[in-house]
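First to last, the protein sequences are chains G and W.
As numbered in my numbering, residues 66 to 314 make up the first sequence, in order.
As numbered in my numbering, residues 25 to 341 make up the second sequence, in order.
All C-beta atoms, glycine included, are put in the ideal place defined by N, C-alpha and C.
Taking it in order: structure first as structure tokens, then the write-up.
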Amino acid sequence: MKILVAVKRVIDYNVQIRVKEDGTGIVTENVKMSTNPPDDNAIEEAVKIKESGKATEVIAVTIGEEKAQETVRKALAVGADRGIHIKAEGAIEPIAVSKILQKIVDKEKPDLVFMGKQAIDDDCNQTGQMLSALLDWPQATFASKIEVKEGKLEVVREIDEGLETIEINTPAIVTCDLRLNEPRYASLPNIMKAKKKPIEQMNASDLGVDVAPKIQQIKVEEPPKRKAGIKVSSVAELVQKLKNEAKVI
Amino acid sequence: MSVLLIAEHNNKELKSFTLNAVTAASQIDSDVHALVIGNNCGDAAKAASELPLVKKVIAVEAAHYENFLAENFAPVVIKLADNYSHIVCSANTFGKNLMPRIAAKLDTSQVSDITKVESSDTFIRPIYAGNAFATVKSTDAKKCITIRPTSFDPCESSGGSAPIETAEAGEEFSLTKFVKREEIKSDRPELGTARIVISGGRGMQSGDNFKLITSIADKLNAAIGASRAAVDAGYISNDHQVGQTGKVVVPDLYIAVGISGAIQHLAGMKESKVIVAINKDGEAPIFSVADYGLEADLFEALPQFLEELNKLNTIQK
Numbered sequence: 066m067k068i069l070v071a072v073k074r075v076i077d078y079n080v081q082i083r084v085k086e087d088g089t090g091i092v093t094e095n096v097k098m099s100t101n102p103p104d105d106n107a108i109e110e111a112v113k114i115k116e117s118g119k120a121t122e123v124i125a126v127t128i129g130e131e132k133a134q135e136t137v138r139k140a141l142a143v144g145a146d147r148g149i150h151i152k153a154e155g156a157i158e159p160i161a162v163s164k165i166l167q168k169i170v171d172k173e174k175p176d177l178v179f180m181g182k183q184a185i186d187d188d189c190n191q192t193g194q195m196l197s198a199l200l201d202w203p204q205a206t207f208a209s210k211i212e213v214k215e216g217k218l219e220v221v222r223e224i225d226e227g228l229e230t231i232e233i234n235t236p237a238i239v240t241c242d243l244r245l246n247e248p249r250y251a252s253l254p255n256i257m258k259a260k261k262k263p264i265e266q267m268n269a270s271d272l273g274v275d276v277a278p279k280i281q282q283i284k285v286e287e288p289p290k291r292k293a294g295i296k297v298s299s300v301a302e303l304v305q306k307l308k309n310e311a312k313v314i
Numbered sequence: 025m026s027v028l029l030i031a032e033h034n035n036k037e038l039k040s041f042t043l044n045a046v047t048a049a050s051q052i053d054s055d056v057h058a059l060v061i062g063n064n065c066g067d068a069a070k071a072a073s074e075l076p077l078v079k080k081v082i083a084v085e086a087a088h089y090e091n092f093l094a095e096n097f098a099p100v101v102i103k104l105a106d107n108y109s110h111i112v113c114s115a116n117t118f119g120k121n122l123m124p125r126i127a128a129k130l131d132t133s134q135v136s137d138i139t140k141v142e143s144s145d146t147f148i149r150p151i152y153a154g155n156a157f158a159t160v161k162s163t164d165a166k167k168c169i170t171i172r173p174t175s176f177d178p179c180e181s182s183g184g185s186a187p188i189e190t191a192e193a194g195e196e197f198s199l200t201k202f203v204k205r206e207e208i209k210s211d212r213p214e215l216g217t218a219r220i221v222i223s224g225g226r227g228m229q230s231g232d233n234f235k236l237i238t239s240i241a242d243k244l245n246a247a248i249g250a251s252r253a254a255v256d257a258g259y260i261s262n263d264h265q266v267g268q269t270g271k272v273v274v275p276d277l278y279i280a281v282g283i284s285g286a287i288q289h290l291a292g293m294k295e296s297k298v299i300v301a302i303n304k305d306g307e308a309p310i311f312s313v314a315d316y317g318l319e320a321d322l323f324e325a326l327p328q329f330l331e332e333l334n335k336l337n338t339i340q341k
């Protein structure tokens, strides 16, 4: 069984982002970048399945500028076997990403495609579902537990009401929740070994996918700032303020 | 052209956020049609027909729609899509799972989680966990949009009498099977719509200690939330998680207890009208968004809080 894992390079989750003064976007110069957190869970799960003997190969794929390759390299350092980097500049919308991934799936013929449930930059939460639609494959979104069975997966999904379990035949798409597993850190020897693993590069345009945005970003603004609050000195004062000043209880 | 609103329901009743989605849909175009896909969902279709903002209800019933699988729902919507300029649904786990499957088939770049309708093609949506808001214009002929329910008021739920039409069911997608759903039943208000929310974080130290939160929630008729750290640690189940990848809440009063205030948590609650933070670390980022901050050990503060509430003659419900 072959598992393809899609990973995205985003601004690190610990960075407090800044909006550009001219309102054209977010400041990305000299900002720490890393792998989209739930994509780390996707890689971890694929590697665990391989380690259990149920998969033979894990391929990490990313789409983006030259430096996006670092994200693939990191996946290789934690156990992916080889990488694919599709070069493209600027923000690529999920619809275009899913069309590119469809081309890669056609070529690589994986049994499973894993990715994070949502990228923490655009917060779209679309790509996995879109790819399943284009391929007419089953989708298991927001997965917090995956059990590999013969020709199928049993997946526990986190939904608003609690948990839902579904069974999907492979080939299938799974989008991963942060609670799926605890991603490992790469050891130094494995980082060194990863440098020798192959990363195939190609251009989005070579795949015949139009990546021009269909959504125009008119402006980006900071949210309104909350007025600074006060510190209260006791619980009694807090309750009195909530009752008489804020009038919420 | 008209707006097709995909109603979320449990085959008997509409889910409350459907009312918020109808409001958003009506701001795009006044000709809102509600699509109710389900199994024996006549009551839900009737409830949709009673929403005054809904002009027509389309009901599609079959046994394989019982469990709301996106693989079964998407073809129904796609078949009806020709008649509509916009397809709209709530950005909760139901809509997030379903809408992109529709958008991809229609070759549309979906606009997710909008908080405001500027015009029929221009919307505002949060990005980077709500640390920025983007105004975006969709250039697709047919637009697929999910709406952030807490950013729109619920519509009127009675007084309407829209006609209910039925449409033919599609085939079952045989490669995905529903197994089970574990819903946590509770008499408390729903987290997404509660007037008061009290949330616990890692500082609670154990699931058992959440009873300190529960007793205050009982007193205030509040919903119980949690930070991701508390859910990850197993103190409380995932349906309580507030934040970027959990639920977004906008209550009148949000009480954060033992929560440091990571940006991912703030993303889910910082639009609340009044925020209270109780934390023993005076430097915790949660205090930067709190209207009232109490620097205290929660294990002392929470019992005192309950005691003070008990002293009050009246508590708003």
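When you compare each of the options to residue i by their alpha carbons, which one comes out closest?
| i | options | result |
| --- | --- | --- |
| W:V78 | W:H88, W:Y89 and W:A58 | W:A58 |
| G:R83 | W:G154, W:A31 and W:N107 | W:G154 |
| W:F202 | G:E212, G:E109, G:D188 and G:T230 | G:T230 |
| W:S181 | W:P76, W:A308, W:H289 and W:I220 | W:P76 |
| G:E265 | G:S117, G:K152, G:P102 and G:E116 | G:K152 |
| W:L330 | W:I237, W:N303 and W:I283 | W:I237 |
| W:T269 | W:A71, W:A115, W:S133 and W:I283 | W:A115 |
| W:K297 | W:N334, W:A314 and W:G282 | W:A314 |
| G:D201 | W:A165, W:A94, W:I148 and W:C179 | W:A94 |
| W:Y108 | W:G224, W:M293, W:S144 and W:D67 | W:S144 |
Report the partner residues of residue i according to the DSSP bridge assignment.
| i | result |
| --- | --- |
| G:R222 | G:A208 and G:E229 |
| G:V276 | DSSP, once it has assigned bridges, lists no residue as partnering G:V276. |
| W:A158 | G:V285 and W:R149 |
| W:L28 | W:H57 and W:I111 |
| W:A83 | W:V60 and W:T190 |
| G:H150 | G:T127 and G:Q266 |
| W:Q265 | W:A250 |
| W:V221 | W:A247 and W:Y278 |
| G:R296 | Going by the sequence as given, residue 296 of chain G is Lys instead of Arg. Answer is W:G317, bridged to G:K296. |
| W:H33 | W:L38 |
Measuring only the C-alpha atoms, how far is residue i from residue j?
| i | j | result |
| --- | --- | --- |
| G:E135 | G:L243 | 21 Å |
| W:S136 | W:C65 | 27 Å |
| G:D275 | W:A31 | 33 Å |
| W:L322 | W:Q328 | 9 Å |
| W:A127 | G:M257 | 42 Å |
| G:T245 | G:K168 | Before going further, note that residue 245 of chain G is Leu rather than Thr in the sequence given. Looking at the two C-alpha atoms, the distance is approximately 27 Å. |
| G:R249 | G:A237 | 24 Å |
| W:R125 | W:S230 | 39 Å |
| W:E63 | W:F197 | It should be pointed out that residue 63 of chain W corresponds to Asn in this sequence rather than to Glu. Rounded to whole angstroms, W:N63 to W:F197 spans 15 Å at the Cα level. |
| G:F179 | G:V112 | 11 Å |
| W:G285 | W:G306 | 12 Å |
| G:I314 | W:S73 | 36 Å |
| G:D146 | G:D187 | 28 Å |
| W:I188 | W:D55 | 15 Å |
| G:V137 | G:E122 | 15 Å |
Counting only Cβ pairs nearer than 9 Å, list the residues of chain G close to residue i.
| i | result |
| --- | --- |
| W:I171 | None at all; the shortest Cβ gap to chain G is about 13 Å. |
| W:S261 | G227 and L228 |
| W:L318 | K296, V297, S298, S299, V300, E302 and L303 |
What three-state label does DSSP hand residue i in the structure shown?
| i | result |
| --- | --- |
| W:A127 | helix |
| G:P236 | coil |
| G:K185 | Looking at the sequence shown, residue 185 of chain G is not Lys but Ile. Coil at G:I185, not helix or strand. |
| G:Y250 | coil |
| W:L75 | coil |
| G:S99 | strand |
| G:I256 | helix |
| W:N303 | strand |
| W:T42 | helix |
List the residues of chain W that residue i touches, going by C-beta distances under 7 Å, in chain order.
| i | result |
| --- | --- |
| G:F179 | Under the 7 Å cutoff, chain W gives no residues; its nearest Cβ is about 16 Å from G:F179. |
| G:S99 | Those within 7 Å of G:S99 in chain W number zero; the least Cβ separation is about 14 Å. |
| G:I82 | Y152, N155 and A156 |
| G:N309 | What G:N309 touches in chain W: nothing, since even the nearest Cβ is about 11 Å away. |
For a contact meaning CB atoms closer than 9 Å, what does residue i contact in chain W?
| i | result |
| --- | --- |
| G:P52 | Any answer about residue 52 of chain G is impossible in this case: the structure gives chain G only from 66 up to 314. |
The ligand NAP and residue i: does any heavy atom of the ligand fall closer than 7 Å to the residue's C-beta?
| i | result |
| --- | --- |
| G:N234 | As for the ligand NAP, it is missing from this structure, which has no ligand bound. |
Using a Cβ cut-off of 7 Å, pull out every chain G residue sitting near residue i, in sequence order please.
| i | result |
| --- | --- |
| W:F234 | Within 7 Å Cβ-Cβ: nothing; W:F234 doesn't reach chain G, min ~17 Å. |
| W:V313 | R291 |
| W:E332 | V300, A301 and V304 |
| W:A325 | V300 |
In chain W, what lies closer than 8 Å to residue i by C-beta?
| i | result |
| --- | --- |
| G:V126 | Here the premise fails: no neighbours, minimum Cβ distance about 18 Å. |
| G:R244 | V255, D256 and N262 |
| G:I233 | L199, T200 and K201 |
Could you tell me which chain G residues have their CB closer than 8 Å to the CB of residue i, listed as they occur along the chain?
| i | result |
| --- | --- |
| W:E207 | E226 and G227 |
| W:A218 | The contacting residues do not exist; W:A218 stays about 12 Å from chain G at best. |
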